[in-house]
Amino acid sequence: MRLQHSFLQYPLGMTALLLAGSLLFAANAQSSRQKPARPAPAKSAKVDFVHDVQPILKASCYPCHGSEQQLGGLRLDTRAAAFRGGVSGKSILPGKAKESLLLQRILGEGGKPRMPMGFAPLDHRQTALIRRWIEEGAAWRENVTARKHWAYVKPTRPPLPEVKNAAWVRNPIDRFVLARLERAKLTPSPPADKATLIRRVYLDLIGLPPSPQEVDAFLQDRSPDAYEKVVDRLLASPHYGERWARPWLDLARYADSNGYEKDGRRSIWLYRDWVINALNRDMPYDQFTIEQLAGDMLPGATQSQRIATGFHRNTMLNEEGGVDREEQRWLTIVDRVATTASVWMGTTLACAQCHDHKYDPFSQEEYYRFFAFFDNSDEPTLELISPEEAKRRADLQQEAAVLEQRVKANAQDREAADRLERVRKELAAIQPPTTLVMQEKPGSGPPATYYRIKGAYLSRGKKMTAATPAVLNPFPKDRPVNRLGLAYWLASRDHPLTARVAVNRAWEQFFGRGLVETTDDFGTQGRPPTHPDLLDWLAVEFMEPSVKRPGARPWSMKALHRLIVTSATYRQSSRVTPLLLERDPENRLLARGPRFRMEAEMIRDNALAASGLLSRKIGGPSVFPYQPEGVWDVPYSGDRWTLSEGEDRYRRGLYTFWRRTSPYPAFMTFDATSREFCTTRRVRTNTPLQALTLLNDPGYLEAARGLAQRMRREGGDTVQQQIAYGFRCCLARRPTPAELARLERLYQQQLRRYQADPKAAQAFLGAEAEKPENPALAAMKVVASVMLNLDEAITKE
Amino acid sequence: MEPFDPVSENLKAITRRHFFQRAGYGIGTMALAALLQEEGLLAAPAQQPTANRPDPLSPKRPHFAPKAKRVIFLFMAGAPSQVDLFDYKPKLNQYDGQPIPEEIVQGERFAFIKGTPKLLGSPHSFAKHGRSGQEISSLLPWTAKIADEIAIIRSMKTEQFNHAPAQIFMNCGHQLPGRPSMGAWLTYGLGSENRDLPGFVVLLSGVNNPDGGKTCWGSGFLPTVYQGVEFRSKGDPVLFVSDPPGMSRQARRESLDALRDLNRERFRLVGDPEIATRIASYELAYRMQTSVPELMDIRSEPESVHKLYGTEPGKATFSNNCLLARRLVERGVRFVQLYHRGWDHHGESQYNDLMNGLPRLCRETDQGAAALIMDLKQRGMLDETLVVWGGEFGRTPMNEGRDGSKFPGRDHHPRAFSIWMAGGGIKPGITLGKTDELGYNVVEDPVDVHDLHATMLHLLGIDHTRLVYRFQGRLFRLTDVYGNVVKKLLA
């Protein structure tokens with residue numbers, strides 16, 4: 020396929036999506052071009068063809084002037100052809116850049132269309148490199164293997180860069196960030212004020228807002244480590260695991276239903292709880308990896324390690340009558356390969372299912388060798404039954420068998436029949452929780468699979484035994500060539516991608532954008548890192564901590580998170596100054612703190628927390644909070660959404676029942692995913708449907724009512740105090756006098772309305788009886804709803 | 033509109049880009065200024081809201097002059113039987129009851145059929161209709177009246193033979209979930225012409241939702257602003273569009289005024305343009321609260337219209353949805369998709385056989401679909417509105433006879449099925465393609481799903497190879513790496 024260009028081809032800037040809209044098509048075209056990670060060669064060094072020039076030609080010229088087509092008779096992928104030129108003449112005149120057609124066309128000179136035609140032009144740096152290369156004699160080295168793409172080379176610890184303003188630095192992260200800022204002649208923002216900071220770190224570490232009391236305690240704590248104390252308390256909170264499970268469950272495509280037509284329920288919440296517990300226990304990431312990919316194969320695998328393998332049982336299952344089961348099994352492995360490559364390696368290995376990867380060094384054969392690791396598993400259901408219960412069941416089954424014989428022998432044996440019925444009832448009542456797990460088939464030697472011609476299930480090719488891609492670290496010699504060995508290979512310190520990809524994803528959670536923006540693609544087509552040395556330093560530090568710091572041990576996610584949130588970089592104010600808006604609107608250089616909209620579940624959790632309704636119960640089967648009638652209406656299924664009772668209506672978002680063909684609408688509106696496949700990053704949109712949800716979803720109105728009641732109960736005697744208290748419940752900070760006055764004006768307006776129309780107050784509150792306090796409560800509920808709808812209330816500042 | 037010229041288009045893009053380079057870095061400072069001015073956040077002369085507010089849904093220019101400006105896709109979920117509706121097969125009737133020749137079905141995979149099935153002629157009659165003489169089943173008397181307006185394609189084929197993957201394939205060009213649906217692609221490519229409504233609207237009727245679920249109108253890897261928005265027949269027409277009980281419109285306005293003032297205050301302090309966007313979103317939501325219920329209230333239509341469509345206000349019928357589709361495209365919505373599920377006529381029982389089930393589904397949909405074409409034509413909108421009618425695959429020319437069922441029915445059949453298209457640059461009154469004498473395989477002018485997508489995009493002024501989006505390191509298209517425009521269908 021020749022990928023052509025158009026005005027439609029450029030990805031939108033996700034965060035600024037609605038803001039700049041179509042105009043961004045033009046603007047982003049510029050920033051979306053590949054900027055080589057490698058810094059420009061120093062003025063003294065010569066431009067290197069293989070490292071500096073060929074990548075530009077490859078990305079921008081080969082599609083039309085390469086092996087597949089030679090528009091204008093020009094071919095630029097071999098030395099001879101390139102120097103021969105095309106129908107317009109010689110393209111490269113060594114030493115004469117200005118006269119060389121190559122450069123002229125790239126610059127769009129001579130009234131001819133600028134090349135690459137239709138694509139965004141090369142950036143300044145790229146044209147400068149080509150100009151210098153021609154000026155310096157256009158040396159074209161052929162038959163040299165280009166240096167390995169940076170991401171396939173094991174990271175080494177880079178030295179900490181020198182900075183001018185060393186006083187600003189709190190930990191090594193800051194050195195890398197500051198060095199980059201100083202290069203760009205930008206200065207960091209001042210620290211965020213304490214109320215903003217504590218809210219930020221609460222949201223980031225536990226996904227819930229601090230209570231006004233917790234904010235006060237922090238404000239009053241003048242000790243130098245007041246902030247670190249908060250951080251350590253939050254890292255130890257059981258809600259930490261809930262907050263960090265959320266992005267992992269997107270990767271694991273965790274859901275409570277099978278997907279496709281019938282989309283029946285499945286029980287795999289024990290896996291979800293395993294993730295929460297593992298994160299709370301700070302299970303090292305290498306172990307976290309091994310248990311999920313191959314926990315069943317560990318010697319003496321524990322129940323918990325078997326539950327962990329649910330990671331790859333989260334694949335979809337089509338229960339339609341006409342399904343070819345073997346094909347379906349094959350498709351689930353296709354999904355497991357793609358997911359494993361995305362989650363641990365940030366690699367688009369899936370591209371090689373049908374043909375060799377077009378851009379990255381993965382052949383189709385290597386794809387099927389990787390596939391083979393997964394092609395030797397059974398997929399049982401694990402039952403979590405206690406020994407007592409198991410014995411009881413065995414006894415009952417035996418008794419039932421005896422009774423059945425008796426009834427069979429004598430249909431008139433009423434006593435036996437009655438007892439049989441009782442025993443069966445009792446048996447049916449034994450319903451231990453179950454979960455889906457992986458189990459390796461017995462057998463010796465490395466697993467194998469069939470190559471598929473053009474990736475089609477029906478076109479079987481030769482048999483391929485399991486192996487990992489050649490460009491990456493060698494398979495460990497002391498490990499078996501099977502799924503377990505694969506897990507060890509991924510979790511090895513020699514793997515060039517595992518740690519980088521993991522720290523990058525963590526960074527994205529805190530700062531809204533990864534150091535590599537394309538968290539799912541560290542290949543040549545992904546975005547190069549904004550701070551390559553910082554990425555590598557973090558990756559090495561993650562695996563082999565050097566800095567003396569609390570909780571530091573290899574692969575500790577909590578230690579990594581602690582390192583990030585205690586940096587000066589993280590603690591900056593997120594104010595977008597006109598200068599920063601001009602120079603770095605997307606905050607790639609981190610001259611300010613992060614500011615972006617919360618994710619779907621967090622918005623819900625925050626509203627519930629602010630209102631005091633939130634249940635803090637952890638784990639268990641998924642729940643059914645309020646959802647409008649008719650959202651679930653699925654073919655061949657009588658399954659209905661039945662509103663949960665009691666506190667289960669107010670559980671955190673990650674416990675909401677996730678039905679793949681019909682996910683919870685209030686989440687989908689805020690860019691959650693259907694969990695039909697692995698999602699490494701959610702886009703962030705800003706739409707009117709979100710406004711309607713927060714304004715009118717009965718779930719949010721209930722939260723507004725709860726908040727109003729809490730304000731009146733806990734906030735103080737005056738309306739002003741009550742409003743200020745509610746404001747703090749939502750935003751942590753105190754309102755300004757202007758904000759307070761505006762909310763109070765709204766309150767008075769609404770109070771008059773509801774006093775004049777008590778029936779409306781009653782209807783608005785959903786109260787059974789008319790009560791004298793209804794108008795005041797209804798007015799406060801309007802105020803509470805407005806506060807929950809504030810941009811700031813759904814934004815991490 | 034001038035034809036798309038890649039060179040001049042590219043130059044324009046460069047000019048724009050240069051402006052932005054001068055104006056700042058990356059993001060369009062001008063875009064920001066326009067937005068802030070609109071929201072009264074910049075010290076600028078008071079300005080009316082502009083029609084071209086920068087917005088991912090703002091209208092965009094296609095690649096070349098389009099024939100159609102909008103699409104209504106009548107998705108017959110469950111898969112209607114082509115040999116009983118549009119693909120008349122006298123030979124099949126002649127061989128009724130005989131086993132199908134072994135060589136035809138050797139190595140074939142069926143959803144339910146086991147062994148060697150018997151051929152099943154159509155129990156329904158066909159006749160030629162209109163000046164064009166299109167052959168249409170007696171089950172579709174209304175469709176017969178629009179015979180001269182539609183192009184019947186008898187040579188559709190697909191790769192999937194189970195409902196969910198086939199519906200996802202038909203909508204997204206790939207059988208696995210994760211890719212954007214065609215409506216999402218179109219709104220991404222063309223934007224919407226109504227600021228107060230979503231660009232892509234979905235209406236459901238029939239026994240229940242389609243098998244492929246919401247993936248059928250999902251945005252896949254595109255931003256979620258492009259996903260289809262369900263307009264519901266019961267409850268809120270759009271989820272949460274109604275104010276809660278006890279809150280008047282004035283009270284809503286007052287609370288939104290307070291919200292806006294507070295958000296502006298915050299914007300002044302922290303300067304994040306996202307806040308300005310949020311303010312705009314709330315104002316649009318407020319307008320939708322009026323425009324959506326007004327749109328959904330079909331009672332305002334004259335009696336003659338109700339009679340034409342056979343509408344029953346207040347019910348979730350296909351006819352109602354056809355009328356709503358017309359109201360939506362009238363208001364500038366880009367892509368309207370109707371799903372009517374229930375065409376899965378296996379013949380396991382009287383309920384889903386060819387004698388009762390199929391005629392019932394035809395009665396539920398025939399009038400509405402035909403009325404839509406007549407109504408659009410009469411309003412002069414058919415020329416610019418592309419209407420597509422069809423399901424996810426076809427049905428076997430053989431009787432399924434599951435578990436020895438006595439009721440005639442047909443299994444899933446991906447190798448040949450019929451759809452029709454009308455308006456928006458489609459050549460009217462033609463039949464394209466041919467199947468073999470049993471209706472099993474396509475023998476002339478095959479049209480696969482990618483070809484259909486390529487043709488639809490072409491009619492909308494889009495080169496399907498150039499409507500692309502970069503995701504996970506490569507450019508994706510609706511047509512994947514396939515698709516040819518079916519020239520014979522073009523007027």
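Protein sequence lines correspond, in order, to chains A and B.
So for the first sequence, the working numbering puts the first residue at 20; every next one is plus one.
So for the second sequence, the working numbering puts the first residue at 33; every next one is plus one.
By construction, the Cβ of each residue, glycine as well, lies at the ideal position given by its N, Cα and C atoms.
Just so we're clear, the structure is a prediction, and the values are computed from it rather than from any experiment.
Would you mind telling me which residues of chain B sit closer than 9 Å to residue i, beta carbon to beta carbon, in chain order?
{"i": "A:P647", "result": "R264, G267, D268, L271, F272"}
{"i": "A:E339", "result": "A143, N194, H195, A196, P197, D243"}
With DSSP as the reference, please indicate the residues paired to residue i in a beta bridge.
{"i": "B:M188", "result": "B:F449, B:V479"}
{"i": "B:R323", "result": "The question names Arg, but residue 323 of chain B in the sequence shown is Ser. Paired residue(s): none; B:S323 is not in a bridge."}
{"i": "B:I462", "result": "B:A183"}
{"i": "B:V474", "result": "B:T467"}
{"i": "B:A442", "result": "It is worth fixing the name first, because residue 442 of chain B is Arg in this sequence and not Ala. Paired residue(s): B:N431."}
{"i": "B:V420", "result": "B:F105, B:M453"}
{"i": "B:I168", "result": "B:A159"}
{"i": "A:Y683", "result": "Bridge partners of A:Y683: none, in fact."}
{"i": "A:G108", "result": "A:G105"}
Got a sec: is the Cβ-Cβ distance from residue i to anything in chain B below 8 Å?
{"i": "A:N625", "result": "no"}
{"i": "A:P60", "result": "Unreliable positioning characterises A:P60 in this predicted model, as indicated by a pLDDT of 45, which lies under 50. The coordinate reading is nonetheless provided below. Chain B contact via Cβ: absent."}
{"i": "A:P684", "result": "yes"}
{"i": "A:L516", "result": "no"}
{"i": "A:D539", "result": "yes"}
{"i": "A:Q768", "result": "yes"}
{"i": "A:N808", "result": "yes"}
{"i": "A:D212", "result": "no"}
Could you tell me whether the Cβ of residue i comes closer than 8 Å to any Cβ of chain A?
{"i": "B:Q504", "result": "yes"}
{"i": "B:M488", "result": "no"}
{"i": "B:S287", "result": "yes"}
{"i": "B:L73", "result": "Model confidence at B:L73 stands at a pLDDT of 36, short of 50, so the residue's coordinates are unreliable; what they give is reported in the following sentence. So no, B:L73 is outside the interface."}
{"i": "B:K3", "result": "Residue 3 of chain B is absent from the structure shown; chain B starts at 33 and stops at 523."}
{"i": "B:Y314", "result": "yes"}
{"i": "B:V233", "result": "no"}
{"i": "B:G278", "result": "yes"}
{"i": "B:P209", "result": "yes"}
State yes or no: is the C-beta of residue i within less than 8 Å of the C-beta of residue j?
{"i": "B:L404", "j": "B:V419", "result": "yes"}
{"i": "A:A116", "j": "A:E154", "result": "yes"}
{"i": "B:Q282", "j": "B:R186", "result": "no"}
{"i": "B:F30", "j": "B:S237", "result": "Outside the modelled stretch of chain B, which goes from 33 to 523, sits residue 30 of chain B, for which no answer is possible."}
{"i": "A:E338", "j": "A:G283", "result": "yes"}
{"i": "A:R519", "j": "A:P178", "result": "no"}
{"i": "B:N431", "j": "B:G441", "result": "yes"}
Going along chain A, which residues have a C-beta under 8 Å from residue i?
{"i": "B:M320", "result": "P707, L711"}
{"i": "B:D293", "result": "R761"}
{"i": "B:H444", "result": "G341"}
Could you list which residues in chain B have their beta carbon closer than 8 Å to that of residue i, in chain order?
{"i": "A:A595", "result": "Reading off the sequence, residue 595 of chain A comes out as Val, not Ala. Within chain B, the residues near A:V595 are V302, G303, D304, P305."}
List the residues of chain B whose Cβ lies closer than 7 Å to the Cβ of residue i, in chain order.
{"i": "A:Q544", "result": "G505, R506"}
{"i": "A:E789", "result": "Ordered by position in chain B, no residue passes the 7 Å Cβ test against A:E789, which lies about 12 Å from the chain."}
**Item:** alpha helix (DSSP H) runs wholly inside the segment 278–321 of chain A, at least 4 long, in chain order
**Value:** 288–299, 304–313
**Request:** Please list the segments of the beta strand (DSSP E) lying wholly inside the segment 76–141 of chain B, counting only runs of 3 or more residues, in order along the chain.
**Result:** 102–107
**Request:** Counting only runs of 3+ residues fully inside the segment 224–292 of chain B, write out the beta strand (DSSP E) ranges in chain order.
**Result:** 232–238, 261–263
**Secondary structure, alpha helix (DSSP H): runs of 4+ residues fully inside the segment 143–205 of chain A** = 143–154, 191–202
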